[in-house]
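If you're matching them up, the sequences are chains G and F in order. For what it's worth, the numbering used here labels the leading residue of the first sequence as 41, then goes sequentially. For what it's worth, the numbering used here labels the leading residue of the second sequence as 41, then goes sequentially. Ideal Cβ placement from N, Cα and C applies to all residues, glycine included. Worksheet: the structure to be examined is printed underneath.
Number of protein chains: 2
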Amino acid sequence: MKQISDYLETNNQKFVEELIEYLRFPSVSAQSKHKIDMTNCAQWLASHGRSIGLKTKVHKTSGHPIVTLTTKQKTNGSKPHFLVYGHYDVQPPEPLELWTSSPFAPEVRKGNLFARGASDNKGQHFAHLKAVEAYLKTNTELPCDLTFLIEGEEEVGGEALVSFLKKNKRELKCEGVVVSDTGMPDLKHPALTYALRGVAALEVRIEGPNRDLHSGIYGGAIENPAIALSKLLAKMIDKNGRITVPGFYNDVIKLSAYERKQMARIPFNERNFKKLLGVKSLFGEKGFTPNEHRAARPTFEINGLTSGYQGEGSKTIVPSYASAKITMRLVPNQNAAKILRIVAQHIKKLCPETMKIKVELGHVADPYIVSPKGGLAKAALKSLKSAFGHEPVLLREGGSIPIVEHFAQILKVDTYLLGLALPDDNLHSPNEKIDLEVFKRGIKMSAHLWKNFAEA
Amino acid sequence: MKQISDYLETNNQKFVEELIEYLRFPSVSAQSKHKIDMTNCAQWLASHGRSIGLKTKVHKTSGHPIVTLTTKQKTNGSKPHFLVYGHYDVQPPEPLELWTSSPFAPEVRKGNLFARGASDNKGQHFAHLKAVEAYLKTNTELPCDLTFLIEGEEEVGGEALVSFLKKNKRELKCEGVVVSDTGMPDLKHPALTYALRGVAALEVRIEGPNRDLHSGIYGGAIENPAIALSKLLAKMIDKNGRITVPGFYNDVIKLSAYERKQMARIPFNERNFKKLLGVKSLFGEKGFTPNEHRAARPTFEINGLTSGYQGEGSKTIVPSYASAKITMRLVPNQNAAKILRIVAQHIKKLCPETMKIKVELGHVADPYIVSPKGGLAKAALKSLKSAFGHEPVLLREGGSIPIVEHFAQILKVDTYLLGLALPDDNLHSPNEKIDLEVFKRGIKMSAHLWKNFAEA
């Protein structure tokens with residue numbers, strides 16, 4: 041590794057300059073005026089990969105192209121194979137007036153490189169590419185085969201990647217996927233994200249009278265649907281913050297003492313958190329910490345309420361109906377479809393006999409977990425520690441990441457999320473940046489990763 | 041009364057023809073194209089009054105004219121004085137295509153006279169005018185002085201009447217006001233409406249985070265404002281349909297056995313009622329009947345609910361706030377302002393400490409009651425019985441009637457509501473009508489009324 045370390049140290053400035061070149065492309069997938077920039081960016085990436093010594097291809101899709109860059113031609117499948125996923129498309133840069141420097145004219149200020157896409161996601165996957173470059177340029181044998189799969193539709197939820205995965209299942213068969221597209225708390229807390237929450241959506245509509253009624257003429261003799269809905273929803277969560285649906289927690293894997301200890305290490309400042317959100321105090325399921333509440337416990341949220349008159353002033357009616365949009369965040373090993381079924385059943389049971397009820401089932405995504413004690417996870421943690429010089433933390437993500445589901449379902453493989461974005465990197469906002477120290481250590485981490493993965 | 045009865049019998053057909061003439065005016069106060077029709081209608085009414093022998097005047101106002109017709113010039117204040125209130129303006133007739141005969145080309149079919157304004161309100165106050173005519177034309181001494189106060193802005197909530205009452209307080213000083221602008225269940229149930237519910241409005245807004253939050257990143261650690269609002273509202277009414285605010289019922293006058301017996305006489309068919317409203321079953325405060333629920337008991341209604349995302353599909357957020365529009369119907373002797381105060385206080389107390397709450401107080405109207413056992417009430421009931429040949433029922437109205445408040449506040453006088461509209465008279469709807477039998481008996485009732493009032 042000495043040769044590689046030296047190469048990285050010597051070429052650090054070159055890497056930053058190359059990243060700047062990559063960031064100059066306004067590869068905004070959502071804006072059709074940037075279609076040609078998307079193609080140019082994909083071509084540049086492929087060409088850059090070739091200059092390192094990778095076999096590259098720009099694949100046409102129904103939308104923006106997908107770029108693959110692979111070491112595989114050098115071996116013949118004798119080494120373990122890993123995928124690195126990333127995306128070269130970026131969020132629209134607007135509002136432009138809030139940027140200190142132009143979003144596509146990258147600028148270094150105080151150790152940060154500012155540009156749209158700097159950390160989401162060009163800088164993050166570019167770090168992995170630079171690590172491979174170090175192996176190839178120093179003629180150090182790569183202990184595994186790698187394929188970079190860099191798409192152009194992540195920010196627009198395009199379906200090109202899914203088709204591509206299905207079509208190229210065989211070529212993409214691998215031992216694991218590495219994705220650097222999440223976050224880390226700070227430089228002292230490099231992180232492996234090992235679990236994601238799932239989601240289940242439904243809509244409840246309670247129907248009373250066949251039209252809005254005059255509350256003077258009818259009010260008092262019929263139940264008010266908005267009150268009936270309130271009473272129903274009030275019963276869904278008890279005073280300890282527990283969801284009351286029988287069986288709701290049956291399949292939840294208990295957090296191990298190890299996991300809880302790890303979660304406790306994630307920096308969390310309650311005062312700052314409350315200030316950031318403007319809330320008077322926190323509220324969460326009894327017996328768990330805020331870090332656990334947000335990432336490792338299931339939730340029941342009302343996303344929207346609708347009933348009756350919502351305009352200016354008042355209107356003296358008994359509304360005809362009241363409805364609520366609901367989503368639940370789920371944790372391993374809850375099954376989203378099953379949860380949706382038992383919650384819908386329970387809600388129907390709670391409907392008073394005066395009312396009709398309609399429960400419409402919405403989208404679902406299962407939660408995801410990969411054991412933080414598995415071989416590859418341990419190898420990832422070891423690589424993080426080597427590069428950052430601090431004990432890494434284990435993160436759970438509170439939301440879903442669809443690609444992880446796709447890799448699991450189509451390629452039947454686990455994903456290791458090694459995020460290189462800091463909380464203040466302004467993802468999706470003006471003045472997006474990447475911390476150049478994180479970029480540098482990220483490259484180093486990746487260089488260790490392939491060695492550690494191969495040995496795992 | 042023999043002379044009067046004979047006059048009424050002989051002239052019944054003439055009365056209907058005169059009413060038809062009155063109904064031909066398209067006196068639609070809401071539509072500016074009918075401004076001249078409004079004036080013409082007012083002039084016709086005044087002129088008609090003069091032909092009977094009344095002193096009449098058309099008063100200019102800031103809006104449509106007010107017509108007064110009075111017997112007062114004949115006496116010098118030695119007799120008791122009563123007001124008869126009515127309005128010559130009518131609702132817009134649209135949609136015209138739903139009318140069987142043209143709204144301003146009155147037509148008699150099967151004992152009903154169809155025209156816009158037939159029962160709301162031209163026919164109803166015209167009946168009182170015809171009764172006075174009978175006295176005057178038969179040279180029967182009227183036992184009291186009467187002033188008809190017929191306005192032109194009832195259907196548009198105009199303020200002309202209030203100014204007029206204030207300006208002419210002295211001339212309008214009287215022993216009581218008679219208004220025929222409410223309803224009666226059917227010909228066998230003539231009715232005196234002796235109580236009205238009041239109203240008190242407020243809006244509750246529960247505020248959580250300073251913006252809608254990503255439910256994956258934050259969900260679980262902060263309370264959801266829509267759930268907090270549901271829990272709060274759920275506590276406002278108990279399972280017996282009682283409002284839980286301490287002191288809410290303190291000032292409610294208990295329904296007497298006499299009143300409850302009277303309310304039980306009002307026709308009510310639960311099956312038809314449920315079918316009409318499309319509800320599976322009724323729900324009301326335990327221990328009271330649907331007739332009582334709708335007119336004699338206070339209510340707490342949610343008129344509208346608003347929170348978060350209400351568009352198509354779902355949005356995985358913890359909404360920033362949730363709000364509810366609320367109105368309460370109040371009964372004698374609740375004080376609307378006091379109720380608003382104690383309910384707002386109670387709601388604020390129920391707000392969880394995680395949230396901010398804003399309670400905005402809205403409009404109020406006090407409930408109204410005149411004793412059904414008072415002298416004038418008894419005289420009214422006696423008149424109804426004489427004319428209709430059936431024991432009258434005592435009604436309470438579930439809504440408010442602003443003019444009653446105005447008479448009470450400005451003239452310090454009680455109002456006796458002797459409605460001559462049947463439930464199927466299509467008020468405010470196409471094919472409005474008045475039942476000619478009700479019109480005939482209404483005139484007779486009025487003829488008795490002045491005699492009975494004077495003797496009370």
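Using a Cβ-Cβ cut-off of 8 Å, state whether residue i counts as contacting chain G.
| i | result |
| --- | --- |
| residue 394 of chain F | yes |
| residue 333 of chain F | yes |
| residue 337 of chain F | yes |
| residue 482 of chain F | no |
| residue 492 of chain F | no |
Please confirm if residue i has its CB atom under 8 Å from at least one CB of chain F.
| i | result |
| --- | --- |
| residue 466 of chain G | no |
| residue 62 of chain G | no |
| residue 346 of chain G | yes |
| residue 355 of chain G | yes |
| residue 342 of chain G | yes |
| residue 350 of chain G | yes |
| residue 255 of chain G | yes |
| residue 470 of chain G | no |
| residue 163 of chain G | no |
| residue 461 of chain G | no |
Taking only three categories from DSSP, how would you classify residue i?
| i | result |
| --- | --- |
| residue 341 of chain F | strand |
| residue 347 of chain F | strand |
| residue 182 of chain F | coil |
| residue 138 of chain F | helix |
| residue 91 of chain F | helix |
| residue 293 of chain F | coil |
| residue 190 of chain G | strand |
| residue 358 of chain G | strand |
| residue 67 of chain G | coil |
| residue 368 of chain F | strand |
| residue 285 of chain G | coil |
| residue 279 of chain F | coil |
| residue 430 of chain G | coil |
| residue 441 of chain F | coil |
With DSSP as the reference, identify every bridge partner of residue i, one or two as the case may be.
| i | result |
| --- | --- |
| residue 233 of chain F | F:435 and F:457 |
| residue 99 of chain F | F:106 |
| residue 153 of chain F | F:148 and F:474 |
| residue 124 of chain F | F:188 and F:218 |
| residue 226 of chain F | F:229 |
| residue 254 of chain G | G:357 |
| residue 299 of chain F | Residue 299 of chain F pairs with nothing; no bridge assigned. |
| residue 238 of chain G | G:370 |
Relative to chain F, which residues along the region 263-290 of chain G have a C-beta separation below 7 Å, given in chain order?
263, 264, 266, 267, 270, 271, 273, 274 and 277
Determine contact between the region 149-158 of chain F and the region 471-482 of chain F, defined as no fewer than three beta-carbon pairs at a distance below 8 Å.
yes
The region 214-231 of chain F contacting the region 455-469 of chain F, beta-carbon criterion three pairs below 8 Å
yes
Members of the region 385-414 of chain G near chain F, C-beta cut-off 9 Å
392, 393, 394, 395, 396, 402 and 403
Using a Cβ-Cβ cut-off of less than 9 Å, list which residues of the region 211-239 of chain G approach chain F; keep chain order.
236, 237 and 239
Are at least three pairs of beta-carbons, each pair with one atom in the region 345-364 of chain G and one in the region 198-209 of chain G, less than 8 Å apart?
As far as the Cβ criterion goes, the region 345-364 of chain G does not touch the region 198-209 of chain G, which means the pair count is below three.
If you pair each beta-carbon of the region 332-343 of chain F with each one of the region 300-310 of chain F, do three or more pairs fall below 8 Å?
yes
Three or more C-beta pairs under 8 Å: does that hold for the region 383-396 of chain G against the region 240-255 of chain G?
yes
Taking 8 Å as the cut-off, does the region 428-447 of chain F touch the region 241-257 of chain G (at least 3 CB pairs, one atom from each stretch)?
Here the region 241-257 of chain G makes contact with the region 428-447 of chain F; the two share three or more CB pairs at distances below 8 Å.
Which residues of the region 424-450 of chain G have a Cβ closer than 8 Å to any Cβ of chain F? Give them in chain order.
Under the 8 Å Cβ criterion, the region 424-450 of chain G contributes 437, 438, 439 and 440.
Does the region 262-282 of chain F come into contact with the region 423-434 of chain F, if we say contact requires no fewer than three beta-carbon pairs (one atom in each stretch) closer than 8 Å?
No, the region 262-282 of chain F is not in contact with the region 423-434 of chain F.
Counting pairs of beta carbons, one from the region 119-127 of chain F and one from the region 180-187 of chain F, are three or more of them closer than 8 Å?
Yes, since at least three Cβ pairs between the region 119-127 of chain F and the region 180-187 of chain F fall closer than 8 Å, the two stretches touch.
Quick one: any contact between the region 47-62 of chain F and the region 131-141 of chain F, if contact means 3 or more CB pairs under 8 Å?
no
Touch test, the region 367-381 of chain F against the region 395-413 of chain F, Cβ-Cβ under 8 Å, three pairs minimum:
yes
Residues, ordered as in the chain, of the region 300-322 of chain F that lie near chain G by beta-carbon distance below 7 Å:
317, 318, 319, 320, 321 and 322
Beta carbons nearer than 8 Å to chain G: which residues of the region 125-158 of chain F have them?
Residues of the region 125-158 of chain F that bring their beta carbon within less than 8 Å of a beta carbon in chain G are absent altogether.
Could you check whether the region 166-176 of chain F touches the region 84-98 of chain F, counting it as contact only if at least three pairs of C-beta atoms, one from each stretch, sit closer than 8 Å?
Verdict: yes, contact present.
Taking any Cβ of chain F, which residues in the region 356-385 of chain G have a Cβ under 8 Å from it, in chain order?
356, 357, 358, 359, 362, 364, 365, 367 and 369
Give the residues from the region 176-198 of chain G that approach chain F closer than 8 Å (Cβ to any Cβ), ordered along the chain.
none
For the region 282-297 of chain F and the region 287-302 of chain G, state whether three or more C-beta atom pairs, one from each stretch, are separated by less than 8 Å.
Contact between the region 282-297 of chain F and the region 287-302 of chain G is absent, with fewer than three C-beta pairs closer than 8 Å.
Check whether the region 339-358 of chain G touches the region 341-356 of chain F, counting contact only when three or more Cβ pairs, one atom from each stretch, lie closer than 8 Å.
The way I'd put it, the region 339-358 of chain G does touch the region 341-356 of chain F; three or more beta-carbon pairs between them come closer than 8 Å.
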